[in-house]
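Step one of this worksheet: look at the structure below.
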Amino acid sequence: VIDEPTRRLDEGALRALVPRVLAGLVRRGEDFDAAEDALQEALLEALRVWPEHPPRDPGAWLTTVATRRLVDAHRSEVARHRREETTYAEPRPAATEDGDDTLVLLFCCCHPDLAPASQVALTLRAVGGLTTREIADAFYVPEATMAQRISRAKRTLRGRRLDQPGDLAVVLRVLYLVYTAGHTGPPARVDLAAEAIRLARQLTLATEEPEARGLLALMLLNHARLEARLDPEGRIVTLDRQDRGRWDAREIAEGVRVLQSALAMQTVQRRPGRYQVEAAIAALHDDAASADETDWPQILAWYDDLVALTEDPVRQDPAAVLGRAVAVGHVLGPAAGLRETDRLREVIGERHRWHAVRAHLHELDGDLPAAATAYAEAARRATNVAERDHLVRQAARARAGRSLSSSA
Amino acid sequence: MQKVEGSSPFSRFVRKPRKIAGLSSLWGTMSRSAVRLRSQGEGLDWRGPRHQETTMPKYLLLKHYRGGPEPHRPCPPMDQWAPEDVEAHIAFQHHVSELLEENGEYVDAQALTPARTWVRYGGPDAAPVTTDGPHPETSDLAAGWWMIDVDSHERAVELAAYVSSEPGPGGEPLYEWIDVREVMWERPRTTDAA
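Order-wise, the sequence lines are chains A and B.
The first sequence lines up with residues 196 to 603 when you count with our numbering.
The second sequence lines up with residues 81 to 274 when you count with our numbering.
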């Protein structure tokens with residue numbers, strides 16, 4: 196076994212410094228693009244040097260090294276400009292914005308002019324402190340591709356004012372995107388879900404917005420079940436059959452606490468947003484000691500709130516309508532649930548989830564042949580191998596006339 | 081039926097194309113949609129309420145030696161093209177890889193030889209059974225692919241159509257059918273409903 200000295204370094208602590216140091220550089224008047232590059236180089240150097248020579252003040256060390264890089268870059272820039280006999284543009288005056296560092300940087304990285312993939316990449320680097328290689332590995336793309344994505348994003352941002360408050364809704368969506376981009380099972384690479392939770396926690400310290408807390412709660416309440424979702428062979432275990440003893444009680448407790456603090460801020464004019472509502476649904480699942488004890492009527496009530504958030508939920512939020520159909524199936528009966536899914540046929544009838552939900556409802560109804568057909572249709576459209584295999588198994592089981600309760 | 085065996089459009093296809101001088105300006109003026117293809121997400125409202133549609137899928141853009149739907153524009157095998165048309169066609173393949181790299185959408189590109197061997201289990205204590213033909217002329221024969229990492233299926237279709245605009249004889253678009261296939265993830269995403 197090769198002992199890796201860098202592993203002894205607390206990378207989490209190192210990366211937590213990134214937003215503060217970067218925001219400090221930007222406030223001093225440095226260009227975001229250049230400052231971010233310089234800090235990335237400083238980080239790589241820290242990973243190399245610190246295990247042997249830990250600095251007394253890590254933040255100051257990073258600032259100093261990044262500043263040195265910036266001075267070098269300025270110098271070669273000035274030299275280049277002199278050669279071209281052009282005048283060197285004055286650096287922009289220092290921004291005086293004194294908001295929270297993390298929030299300022301998140302607004303910058305999640306600029307609405309950037310495509311989602313770019314927002315995610317930039318956020319993970321400039322706020323998360325991940326290296327380009329780590330981000331590339333997490334998304335299974337070549338490092339050069341991710342580097343290009345990041346530099347394109349920064350080029351797009353060049354010349355924009357970045358000291359203005361941005362769009363918090365976009366920030367929340369980007370963090371959720373980071374969370375969903377993670378995969379279940381043992382994280383061989385960077386754990387994107389854990390990273391998203393870390394960033395969301397930082398965000399809740401920077402803003403009072405209840406939806407930020409709603410998002411953090413949603414992630415925690417969902418993440419708490421992650422371990423139980425696959426068996427040791429990597430097979431999917433559905434919610435109703437999971438070993439609830441493997442759920443992370445600490446995460447559930449924190450998630451519920453965060454959600455309650457968000458819901459407590461609601462008023463008649465300000466109803467809970469979608470992250471809080473989805474977190475509430477997750478909390479109700481987490482709260483049931485067994486699948487039979489699930490409070491479906493209350494879950495259905497929250498789904499009613501969720502679909503009421505959009506004007507045309509069938510088209511604008513079909514996933515919410517589909518989730519609601521499951522709840523309807525459990526509260527009002529499978530036939531009613533199936534009728535709900537009919538409304539979605541035109542919109543998501545080609546998606547595997549639609550067929551999987553119908554299979555589940557047919558099975559609830561005791562109609563195994565219809566369930567088998569729907570499972571097979573779902574399997575044909577699955578977009579990941581584990582789920583495809585799971586749906587094929589379900590189809591074969593239902594085809595053989597065995598209901599879930601009689602199968603081991 | 082487009083036949084390009086012997087002089088595959090992928091014959092000089094390289095995985096990591098280096099910059100070729102003058103190429104971008106050449107295609108910048110010739111291609112119909114290069115400007116739009118270079119922008120990433122601009123003009124689209126990403127702030128819609130559809131936050132569940134956020135999977136960042138990968139796709140294969142598969143090229144074929146033969147097979148697929150009826151060709152839109154039948155054309156002779158590539159070895160019968162004018163040499164400059166062959167050059168232009170090959171240069172376009174490099175250009176596509178470069179474009180994808182610049183966009184941060186490139187994952188992989190590979191070419192396949194047309195030679196094919198079918199193999200099956202021969203039974204206990206028997207050698208594998210192989211056959212290398214003859215195969216019916218109508219059977220599919222993949223020539224190679226680009227793997228891309230993009231925001232949406234729509235984007236994959238847009239890029240496939242651009243690939244299909246590759247120049248053929250006389251510099252006219254080839255209108256080749258491109259097979260767009262989504263790559264499955266090994267494991268479910270964090271938020272996939274269990």
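Using N, Cα and C, we set each Cβ at its ideal position, and we do this for glycine too.
Nearest-angstrom Cβ-Cβ length linking residue i and residue j, presumed shorter than 8 Å
{"i": "Pro337/A", "j": "Tyr186/B", "result": "7 Å"}
{"i": "Leu298/A", "j": "Thr402/A", "result": "6 Å"}
{"i": "His604/A", "j": "Ala573/A", "result": "No statement about residue 604/A is possible, as the shown extent of chain A runs from 196 to 603 and does not include it."}
{"i": "Met414/A", "j": "Ile447/A", "result": "Between Ile447/A and Met414/A the Cβ distance is about 12 Å, and since that is not below 8 Å, they are no contact."}
{"i": "Ala475/A", "j": "Leu454/A", "result": "7 Å"}
{"i": "Arg267/B", "j": "His378/A", "result": "5 Å"}
Neighbour-count burial assignment, residue i, 16 or more Cβ in a 10 Å radius
{"i": "Trp198/B", "result": "exposed"}
{"i": "Ser598/A", "result": "exposed"}
{"i": "Ala312/A", "result": "buried"}
{"i": "His585/A", "result": "buried"}
{"i": "Asp218/B", "result": "For clarity, residue 218/B is Thr in the given sequence; the question names Asp instead. Classification of Thr218/B: exposed, given that the 10 Å Cβ count is below 16."}
{"i": "Ala593/A", "result": "buried"}
{"i": "Pro208/B", "result": "exposed"}
{"i": "Pro214/A", "result": "buried"}
{"i": "Leu175/B", "result": "First, the residue type needs correcting, since residue 175/B is His and not Leu in the sequence shown. Looking at its Cβ environment, which holds 16 or more other Cβ atoms inside 10 Å, His175/B is buried."}
{"i": "Thr327/A", "result": "buried"}
{"i": "Gly251/B", "result": "exposed"}
{"i": "Leu239/A", "result": "exposed"}
{"i": "Pro529/A", "result": "buried"}
{"i": "Arg356/A", "result": "exposed"}
Identity of the residue in the options nearest residue i by Cα
{"i": "Arg384/A", "options": "Phe334/A, Arg466/A, Arg263/A and Ala567/A", "result": "Phe334/A"}
{"i": "Trp491/A", "options": "His525/A, Ala484/A, Ala520/A and Arg393/A", "result": "His525/A"}
{"i": "Ala236/B", "options": "Leu221/B, Ala207/B, Gln190/B and Leu180/B", "result": "Leu180/B"}
{"i": "Val502/A", "options": "Arg519/A, Thr489/A, Arg546/A and Ala486/A", "result": "Arg519/A"}
{"i": "Gly184/B", "options": "Ile476/A, Ala339/A and Ser271/A", "result": "Ala339/A"}
{"i": "Ser485/A", "options": "Leu434/A, Ala531/A and Gly532/A", "result": "Leu434/A"}
{"i": "Lys349/A", "options": "Ala573/A, Asp232/A and Asp507/A", "result": "Asp232/A"}
{"i": "Asn417/A", "options": "Thr462/A, Tyr371/A, Leu394/A and Leu517/A", "result": "Tyr371/A"}
{"i": "Arg196/B", "options": "Pro249/B, Met136/B, Asp165/B and Ala222/B", "result": "Ala222/B"}
{"i": "Tyr139/B", "options": "Val230/B, Pro216/B, His169/B and Ala168/B", "result": "Val230/B"}
{"i": "Leu265/A", "options": "His248/A, Glu247/A, Glu236/A and Arg243/A", "result": "Glu236/A"}
{"i": "Arg353/A", "options": "Leu563/A, Ala522/A, Asp226/A and Arg445/A", "result": "Asp226/A"}
{"i": "Asp279/B", "options": "Pro137/B, Gly203/B, Gly147/B and Gly213/B", "result": "Any property of residue 279/B remains undetermined from this structure, which presents chain B solely from 81 to 274."}
{"i": "Trp442/A", "options": "Leu421/A, Arg452/A, Arg408/A and Val216/A", "result": "Leu421/A"}
{"i": "Gly248/B", "options": "Ala206/B, Trp161/B, Gly203/B and Pro149/B", "result": "Trp161/B"}
{"i": "Gln173/B", "options": "Leu141/B, Pro149/B and Pro157/B", "result": "Leu141/B"}
{"i": "Arg452/A", "options": "Asp482/A, Arg424/A and Arg320/A", "result": "Asp482/A"}
{"i": "Pro360/A", "options": "Phe302/A, Thr375/A, Ala376/A and Glu329/A", "result": "Phe302/A"}
C-alpha gap between residue i and residue j, whole angstroms
{"i": "Leu309/A", "j": "Ala565/A", "result": "45 Å"}
{"i": "Tyr276/B", "j": "Thr578/A", "result": "Because chain B here runs from 81 to 274, residue 276/B falls outside it and cannot be looked at."}
{"i": "Asp205/A", "j": "Val432/A", "result": "34 Å"}
{"i": "Pro511/A", "j": "Leu559/A", "result": "Sequence inspection shows Gln at residue 511/A; the Pro mentioned does not correspond to that position. Going from the Cα of Gln511/A to the Cα of Leu559/A covers about 28 Å."}
{"i": "Gly450/A", "j": "Ile494/A", "result": "17 Å"}
{"i": "Leu220/A", "j": "Leu257/A", "result": "11 Å"}
{"i": "Leu363/A", "j": "Tyr470/A", "result": "13 Å"}
{"i": "Ser232/B", "j": "Ala240/B", "result": "13 Å"}
{"i": "Gly429/A", "j": "Ala581/A", "result": "7 Å"}
{"i": "Pro467/A", "j": "Glu390/A", "result": "25 Å"}
{"i": "Ser244/B", "j": "Leu410/A", "result": "42 Å"}
{"i": "Gly323/A", "j": "Glu272/A", "result": "28 Å"}
{"i": "Arg153/B", "j": "Ala189/B", "result": "25 Å"}
{"i": "Glu406/A", "j": "Ala457/A", "result": "7 Å"}
{"i": "Gln589/A", "j": "Leu479/A", "result": "26 Å"}
{"i": "Gly207/A", "j": "Leu394/A", "result": "12 Å"}
{"i": "Arg347/A", "j": "Thr536/A", "result": "41 Å"}
{"i": "Pro151/B", "j": "His144/B", "result": "12 Å"}
{"i": "Glu256/B", "j": "Gly544/A", "result": "30 Å"}
{"i": "Arg538/A", "j": "Glu473/A", "result": "22 Å"}
{"i": "Cys305/A", "j": "Leu319/A", "result": "11 Å"}
{"i": "Leu387/A", "j": "Ala444/A", "result": "21 Å"}
Tell me which residues of the stretch 171-190 of chain B have at least one Cβ-Cβ distance to chain A shorter than 9 Å, keeping chain order.
Leu180, Glu181, Glu182, Asn183, Gly184, Glu185, Tyr186, Val187 and Asp188
Quick one, which residues of the stretch 564-594 of chain A are near chain B if we go by CB-CB under 8 Å, in chain order?
Ala577, Thr578, Asn579, Val580, Ala581, Glu582 and Arg583
For the stretch 217-237 of chain B, which residues have a CB atom closer than 7 Å to at least one CB atom of chain A, in sequence order?
Asp229 and Asp231
Taking any Cβ of chain B, which residues in the stretch 352-380 of chain A have a Cβ under 9 Å from it, in chain order?
Cβ contacts with chain B: Asp362, Ala364, Val365, Leu367, Arg368, Tyr371, Leu372, Tyr374, Thr375, Ala376, Gly377, His378, Thr379 and Gly380.
Residues within the stretch 322-347 of chain A neighbouring chain E, beta-carbon criterion of under 9 Å:
Judged by its chain identifiers, the structure shown contains no chain E, and its protein chains are A and B.
Which residues, taken in chain order from the stretch 421-438 of chain A, show a beta carbon closer than 8 Å to some beta carbon of chain B?
Leu421, Arg424, Leu425, Gly429, Ile431, Val432, Thr433, Leu434 and Gln437
For the stretch 476-495 of chain A, which residues have a beta carbon sitting closer than 8 Å to at least one beta carbon of chain B?
none
Compile a chain-ordered list of the residues in the stretch 295-314 of chain A whose CB is closer than 9 Å to at least one CB of chain B.
Pro307, Asp308, Leu309, Ala310, Pro311, Ala312, Ser313 and Gln314
Counting only Cβ-Cβ distances shorter than 8 Å, please list the residues of the stretch 388-422 of chain A near chain B, keeping chain order.
Ala388, Asn417, His418, Arg420 and Leu421
Relative to chain A, which residues along the stretch 242-268 of chain B have a C-beta separation below 7 Å, given in chain order?
Contacts with chain A (Cβ-Cβ distance below 7 Å) from the stretch 242-268 of chain B involve Glu262, Met264, Trp265, Glu266, Arg267 and Pro268, listed in chain order.
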